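Participant:
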Amino acid sequence: MTIPTIDLINGTSIPQLGFGVFQVPPPETADTVLKAFEVGYRHIDTAQMYENEAGVGQAIRDAGIPREELYITSKLNNGFHRPEDAERSLAETLERLGLEQIDLFLIHWPLPTLYDGDYVSTWQTLASFVEDGRAASVGVSNFQPDHLDRIVDETGVVPVVNQVEVHPLFANEAVRAANARHGVKTEAWSPIAQGAVNDDATIGAVAQRLGRSPAQVTLRWHVQRGDIVFPKSVNVDRMRQNFEIFDFELSADDMAALDGLDRGEDGRTGPHPDRFDHVPA
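For the sequence shown, UniProt numbering begins at 1 and goes up steadily by one.
1. Enumerate in chain order the residues of its own chain whose CB-to-CB distance from N52 is below 7 Å, with the five nearest sequence positions on each side excluded.
2. Are the beta-carbon atoms of T73 and E165 separated by less than 8 Å?
3. Considering only the beta carbon of each residue, do H182 and V152 sit closer than 8 Å?
4. With DSSP run on the structure shown, which of helix, strand or coil describes G226?
5. Tell me V161's beta-bridge partners as DSSP assigns them.
6. By the DSSP assignment, the alpha helix (DSSP H) with T73 in it spans what residues?
7. Would you tell me roughly how many angstroms separate the C-alpha atoms of G133 and I203, rounded to the nearest one?
8. What runs of the beta strand (DSSP E), each 3 residues or longer, lie entirely inside the segment 39 to 124?
9. With DSSP as the reference, identify every bridge partner of G139, one or two as the case may be.
10. So the candidates are A135, W189, V175 and T122; which of them puts its Cα closest to the Cα of T155?
11. Would you mind reading off the limits of the alpha helix (DSSP H) that contains D259?
12. Could you check what DSSP says for H167 in three-state terms: helix, strand or coil?
13. Under three-state DSSP, which class holds F37?
14. Would you call the segment 96 to 108 in contact with the segment 261 to 275, where contact means no fewer than 3 C-beta pairs closer than 8 Å?
15. Nearest to A188 by CA position, among N179, G195 and H167, is which residue?
16. Measure the Cβ-Cβ separation of G40 and F248 and say whether it is below 8 Å.
17. Which one of E38, S89, P83 and L169 has the shortest CA to CA distance from N77?
18. State buried or exposed for I192, treating a residue as buried only when at least 16 other CB atoms are found within 10 Å of its CB.
19. Taking the DSSP output, what are the residues bridged to I6?
20. Report the rounded CA-to-CA distance for T125 versus G139, giving the unit in angstroms.
21. Assuming P145 is part of the alpha helix (DSSP H), what are its boundary residues?
22. Rounded to a whole number of angstroms, what is the C-alpha to C-alpha distance between R176 and F170?
23. Can you tell me where the alpha helix (DSSP H) holding R238 begins and where it ends?
24. When the Cα atoms are used, what is the spatial distance from L148 to D85?
25. Got a sec, what are the start and stop residues for the alpha helix (DSSP H) residue 314 sits in?
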């Protein structure tokens, strides 16, 4: 099955479906990613804070898949926002992954209450990684509309993506609209609301009628909206199920039904980006 690609503002493209390794234990990461490769995934999303980049790198080496067929994303640790720390940490990420260039590198969180509110210099540093060839693209994660406006206004550099919490219970439309205004593509983390979609009656009814799982219906909703998604599972059957979302479509009524599940802030499962200030020890 061919995974569609999304064109990014800098002229590159990204597979619309990927595989996330958030909370995959480091000792299990290489084996888990190898299984994902066997299913057909070629887009892997990791982060310095996940502490499993080395496992992703091992899987890349063991799989023997041509580098040009892979798309690898990682994210800057919250403790490394100062330019000199970001510089050092990217070098360490590339070493752990065994890559000379990363396809996409993100600021993981804006942390507006830390670093004297300065995430602009961090963004300028990431932009330099594209200039020196160590990153093909750079972007952000968990940026609110005002965060996004600020970095674009002050640097003139537009992120290719903004990776934020999005799912039917929390559509995060204000952020998606800000992304669209700047030409930034939306990547959806927690795309199935940490499994909550499995218990939703509306999604369940659509899934039953189509002979699909609630997760498949939800991921298909994302795809038809233009979101980039990377579900995570260590179970091979669920990996395969999450991969098989391009051979059916949701009707306009189905899409509207899932759109109607948005609870606004009450549907958010993760921390609010305006207040999140965790820095790993």
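We treat Cβ as the ideally placed atom computed from N, Cα and C, and that holds for glycine.
Please read all numbers here as calculations on a predicted model, not as lab measurements.
Facilitator: Let me lay it out:
1. Within the sequence shown, residue 52 is the residue found at index 52, counting from 1. Excluding positions up to five away in sequence, the list reads V21, V24, P26, T29 and T46.
2. Position 73 of the sequence shown, counting from 1, holds the residue named residue 73. Position 165 of the sequence shown, counting from 1, holds the residue named residue 165. Cβ atoms of T73 and E165: not closer than 8 Å.
3. Taking the first residue of the sequence shown as 1, we reach residue 182 at position 182. Taking the first residue of the sequence shown as 1, we reach residue 152 at position 152. Going by C-beta atoms, H182 is nearer than 8 Å to V152.
4. Walking along the sequence shown from the start, residue 226 turns up at place 226. G226 falls in the coil class under three-state DSSP.
5. The residue given as residue 161 occupies position 161 in the sequence shown. Residue pairing by DSSP places V161 opposite K185 in a beta bridge.
6. Residue numbering aside, residue 73 sits at position 73 when the sequence shown is read from its first letter. Taken as a continuous stretch (DSSP letters only), T73 belongs to no alpha helix (DSSP H), being part of the beta strand (DSSP E) at Y71 to L76.
7. If you number the sequence shown from 1, residue 133 lands on position 133. If you number the sequence shown from 1, residue 203 lands on position 203. The alpha-carbon atoms of G133 and I203 are separated by roughly 44 Å.
8. Counting only runs of 3 or more, we get 43 to 45, 71 to 76 and 102 to 107.
9. Sequence index remark: in the sequence shown, residue 139 carries index 139 (1-based). Its beta-bridge partners are L106.
10. Here the question's residue 155 lines up with position 155 in the sequence shown. When each option's Cα is compared against that of T155, the closest is T122.
11. Counting from 1 along the sequence shown, the entry for residue 259 is found at position 259. A252 to D259 is the span of the alpha helix (DSSP H), which, as asked, contains D259.
12. The count along the sequence shown starts at 1 and reaches residue 167 at position 167. Three-state DSSP puts H167 in a strand.
13. Residue 37 sits at position 37 when you count from the first residue of the sequence shown. It is helical.
14. Between the segment 96 to 108 and the segment 261 to 275, the count of Cβ pairs shorter than 8 Å is below three; the stretches do not touch.
15. Translated into positions along the sequence shown, residue 188 becomes position 188. Selected option, being the one with the closest Cα: H167.
16. Here residue 40 refers to the residue found at position 40 of the sequence shown. Here residue 248 refers to the residue found at position 248 of the sequence shown. No, the Cβ-Cβ distance between G40 and F248 is not below 8 Å.
17. For the purposes of this step, residue 77 is taken as residue 77 along the sequence shown, with counting starting at 1. The option with the nearest alpha carbon to N77 is S89.
18. Sequence index remark: in the sequence shown, residue 192 carries index 192 (1-based). Classification of I192: buried, given that the 10 Å Cβ count is 16 or more.
19. Residue mapping note: residue 6 aligns to position 6 of the sequence shown, counting from 1. Partner(s): I14.
20. Translated into the one-based positions of the sequence shown, residue 125 becomes position 125. Translated into the one-based positions of the sequence shown, residue 139 becomes position 139. Answer to the nearest angstrom: the Cα atoms are 12 Å apart.
21. Residue 145 sits at position 145 when you count from the first residue of the sequence shown. Run containing P145: P145 to T155, per the alpha helix (DSSP H) assignment.
22. As a first step, residue 176 must be located in the sequence shown, where it is residue number 176. As a first step, residue 170 must be located in the sequence shown, where it is residue number 170. Straight-line measurement puts the Cα of F170 at about 11 Å from the Cα of R176.
23. Residue 238 sits at position 238 when you count from the first residue of the sequence shown. Its alpha helix (DSSP H) spans residues V236 to F243.
24. Taking the first residue of the sequence shown as position 1, residue 148 is located at position 148. Taking the first residue of the sequence shown as position 1, residue 85 is located at position 85. If I take the Cα positions, the gap works out to 22 Å.
25. Since the first residue shown for the chain is 1 and the last is 281, residue 314 is missing from the structure and cannot be characterised.
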